[in-house]
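J.: This is the structure, below, for whatever I ask next.
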Amino acid sequence: MSASVPGLEANPAGYVCLSFDFDGPSLWMQRRQSNPTPMSRGEFGAIAVPRILRLLARRNISATFFIPGHTLETYPDLCRQVVDAGHEVALHGYAHEFNPGLTPERERWVMQRSFELIEQFAGSTPTGYRAPSGDLTIQTINALVEFGVRYDSSLMGHDVSPYWVRSGDRFPEDRPVEWGEPVDVVELPFSWTLDDYVHLEFVTFRKMLMPGLQRPQTMFANFADDVRWMVREVEHGICNVVFHPQVIGRGGRLLALEEWLDQISQLGVAFARMDSVAEAFRAGRAFGIEGQRD
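Take 84 as the starting number for the sequence shown in my numbering and just add one per residue.
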């Protein structure tokens with residue numbers, strides 16, 4: 084028997100979690116690209132968020148917003164609109180810090196500061212975390228456990244099912260992997276294949292170019308294929324899709340997002356906040372059940 088969790092009704096066709104990384108200027112700060120033009124790209128995220136909130140409200144969809152502490156302090160009124168609309172606000176660093184470049188002491192400060200800011204804005208303890216740039220470290224996992232964070236969404240070890248985060252994995256070069264022990268953090272995995280940034284955004288780096296600028300319809304066709312496969316092959320699967328307001332929030336892309344939402348809704352999937360999925364998994368709900376639809 085499936086566990087009953089408020090806000091997440093059993094749905095064999097599966098669930099789609101819409102998440103939005105509202106980085107604001109902090110993304111470009113972290114890249115040391117603080118000239119007016121790159122910073123203005125972060126500013127556009129604040130223009131896009133109200134558009135996204137209106138779109139979600141028209142469809143009665145609850146989503147999860149991963150918001151750095153710097154964004155919370157820079158756009159407090161806008162972030163309160165996210166909370167007031169009933170969406171989850173989760174941790175995403177303070178200023179989009181690259182975790183592998185931080186000392187354990189600095190990373191703990193980042194976690195504590197962003198944790199306290201979300202408590203102030205949302206009026207409740209944050210339960211979820213996504214590492215900036217998706218880069219989780221062992222010291223990040225230690226901080227998540229210390230602060231009692233309930234779930235993470237930075238790893239890619241599955242595509243349709245939550246699992247428990249491990250600590251202490253070892254990868255010796257002369258023998259098999261030595262897997263670590265699970266910790267009290269649920270993983271709600273993501274993938275770059277289901278992230279709008281790599282498909283749509285044009286970024287020049289010192290040593291590389293991210294070409295982006297695909298037609299959004301092409302990206303959403305790829306997204307839809309993953310959902311269709313999940314619905315056909317898996318019971319109670321989870322599809323976690325990552326958006327960035329500064330990327331998805333332009334007119335033509337929002338139109339494509341609306342069309343995609345209408346398309347996958349016809350497949351019978353439910354939309355869910357990520358905290359609801361994590362708590363259902365903790366309560367014993369089975370997700371990502373493969374091989375029973377033949």
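For each residue, glycine too, the CB sits at the ideal point set by N, CA and C.
#1: Buried or exposed for G169, please, with buried defined as at least 16 other CB atoms from any protein chain shown within 10 angstroms of its CB.
#2: When you compare only the Cα positions, how much space is there between Q203 and V166?
#3: Can you list, in chain order, the residues of its chain whose CB lies under 8 Å from that of D218, leaving out five sequence neighbours each side?
#4: Check the DSSP bridge columns for C322 and list the partner residues they point to.
#5: List, from N- to C-terminal side, the alpha helix (DSSP H) runs of 4 residues or more that fit wholly inside the stretch 264-342.
#6: Round the Cβ separation of F149 and A131 to the nearest angstrom and send it over; I've been treating them as touching at under 8 Å.
#7: I think L350 touches V314, with their Cβ atoms under 8 Å apart; what is that distance to the nearest whole Å?
#8: With the cut-off set at 8 Å, would you say Y43 and L227 are in Cβ contact?
#9: In the DSSP assignment, find the unbroken alpha helix (DSSP H) run with R189 in it and report its ends.
#10: Can you tell me where the alpha helix (DSSP H) holding W247 begins and where it ends?
#11: Start and end of the alpha helix (DSSP H) containing T120?
#12: Can you name the start and end residues of the alpha helix (DSSP H) that T393 belongs to?
#13: Roughly how far, in whole angstroms, is the beta-carbon of R356 from the beta-carbon of V269, given that I think they are within contact range, below 8 Å?
#14: Would you check if there are 3 or more beta carbon pairs closer than 8 Å linking the stretch 252-261 to the stretch 228-235?
#15: Does the distance from the CB of L101 to the CB of F326 come in under 8 Å?
#16: How many angstroms separate the CA atom of H282 from the CA atom of T301?
#17: Quick one, are the C-beta atoms of Y98 and V317 less than 8 Å apart?
#18: Which residues in the same chain have their Cβ closer than 7 Å to the Cβ of V310, if we skip the five residues on either side of it in sequence?
#19: Please return the same chain residues whose Cβ sits closer than 6 Å to the Cβ of G295, not counting the five positions on each side in sequence.
#20: Around the C-beta of Q113, are 16 or more other C-beta atoms found within 10 angstroms, so that it is buried, or is it exposed?
#21: May I ask you to list the residues that DSSP assigns as paired with L172?
#22: I need the boundaries of the alpha helix (DSSP H) containing Q181, first residue and last residue.
#23: Have a look at A363, Q297 and A361 and flag the residue whose alpha-carbon is nearest the alpha-carbon of A339.
#24: Run the CB neighbour count on F103, radius 10 Å, all protein chains shown included, and call it buried at 16 or more, exposed below.
#25: Can you name the start and end residues of the alpha helix (DSSP H) that R365 belongs to?
#26: Whose C-beta lies closer than 7 Å to the C-beta of T220 among residues of the same chain, with five residues either side of it excluded?
#27: Quick one: Cα of E341 to Cα of W192, how far?
#28: Please work out which residues of its chain come closer than 8 Å, Cβ to Cβ, to V248, disregarding the five sequence neighbours upstream and downstream, and give them in chain order.
#29: In this structure, what does DSSP give as the bridge partners for D104?
#30: Tell me the DSSP secondary structure of V88 in three-state form.
#31: Between which two residues does the alpha helix (DSSP H) containing W111 stretch?
T.: Based on what the coordinates show:
#1: exposed
#2: 11 Å
#3: Taken in chain order, the residues that qualify are F181, N182, P183 and S237.
#4: Bridge partners of C322: V99.
#5: 279-283, 299-316 and 328-331
#6: About 15 Å separates the Cβ atoms of F149 and A131, ruling out a contact at the 8 Å cut-off.
#7: The C-beta separation of L350 from V314 comes to about 5 Å, placing the pair in contact by the 8 Å criterion.
#8: Residue 43 cannot be examined here, being either before or after the span of the chain that is shown, 84 to 377.
#9: P187 to A205
#10: It is not in any alpha helix (DSSP H) - W247 instead sits in the beta strand (DSSP E) that spans Y246 to S250.
#11: P119 to R142
#12: Residue numbering for the chain in the displayed model covers 84 to 377; residue 393 lies beyond these limits and cannot be assessed.
#13: R356 to V269, Cβ: 14 Å. No contact.
#14: Note that the stretch 252-261 does not touch the stretch 228-235; fewer than 3 beta-carbon pairs, one per stretch, sit closer than 8 Å.
#15: yes
#16: 9 Å
#17: no
#18: V99, C322, I347, L350 and V352
#19: Excluding residues within five positions, the ones whose Cβ falls inside 6 Å are L283, E284 and F285.
#20: Taking a 10 Å sphere around the C-beta of Q113, we find 16 or more other C-beta atoms and assign the residue as buried.
#21: It is Val, not Leu, that sits at residue 172 in the sequence shown. V172 pairs with F148.
#22: Correcting the residue type first, residue 181 is Phe in the shown sequence and not Gln. Where F181 is concerned, there is no enclosing alpha helix (DSSP H), given that its DSSP letter is neither H nor E.
#23: Q297
#24: buried
#25: M357 to R365
#26: The answer, listed in chain order, is N182 and P183.
#27: 39 Å
#28: I224, L227, D235, L238, P265, V266, V268, V269 and E270
#29: F149
#30: Legend: pLDDT at V88 = 43, less than 50; position of this residue unreliable, no value from coordinates given.
#31: S109 to Q113
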